[in-house]
Amino acid sequence: QVKQPILFLSGLQDELVPPSHMRMLYDKAVEHNRNCRFVDFLNGMHMDTWISGGDRYWRTIELFLDQYSPEVQSSDASCTSEIADDGK
Numbered sequence: 001q002v003k004q005p006i007l008f009l010s011g012l013q014d015e016l017v018p019p020s021h022m023r024m025l026y027d028k029a030v031e032h033n034r035n036c037r038f039v040d041f042l043n044g045m046h047m048d049t050w051i052s053g054g055d056r057y058w059r060t061i062e063l064f065l066d067q068y069s070p071e072v073q074s075s076d077a078s079c080t081s082e083i084a085d086d087g088k
């Protein structure tokens, strides 16, 4: 069982890993690990979510790393899921 925090970044237009598979992976992970987060990106494809997600993509990673860095880690952190909103 993975005990480290997990960040799932899913492009809703991903042609290789269907968004439903990403959601299933998240759902399985959250059963055993509360320190995870799922964020999807409306226009993200398999190789360009980092581009199409823009600032929101990078900010999501930054916030996740800030939250789970050893010096700031909180014992009450929990899983969250965010609905796609690319601001478009």
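For the sequence shown, UniProt numbering assigns the number 1 to the initial residue and increments by one for each residue that follows. Glycine is no exception: its CB is placed at the ideal position from the N, C-alpha and C atoms.
Simplified DSSP state of residue i, which is helix, strand or coil
i: leucine 7; result: strand
i: aspartate 55; result: helix
i: serine 69; result: coil
i: valine 17; result: coil
Status (buried if at least 16 other CB within 10 Å, exposed otherwise) for residue i
i: valine 30; result: buried
i: aspartate 14; result: buried
i: arginine 37; result: buried
Contact under 9 angstroms by Cβ, residue i with residue j
i: residue 94; j: serine 10; result: With the chain represented from 1 up to 88, any question about residue 94 goes unanswered, as that position is not in the structure.
i: proline 5; j: asparagine 33; result: yes
i: asparagine 43; j: leucine 12; result: yes
i: leucine 7; j: isoleucine 61; result: yes
Sheet register partners of residue i (DSSP bridge)
i: phenylalanine 64; result: In DSSP, phenylalanine 64 forms no bridge with anything.
heavy atom of the ligand SAM below 8 angstroms from residue i C-beta
i: proline 70; result: Because no ligand of any kind appears in the structure shown, any question about the ligand SAM cannot be addressed here.
Minimum Cβ-Cβ distance from residue i to chain C less than 9 angstroms
i: proline 70; result: Among the chains in the structure shown there is no chain C, since it carries only a single protein chain.
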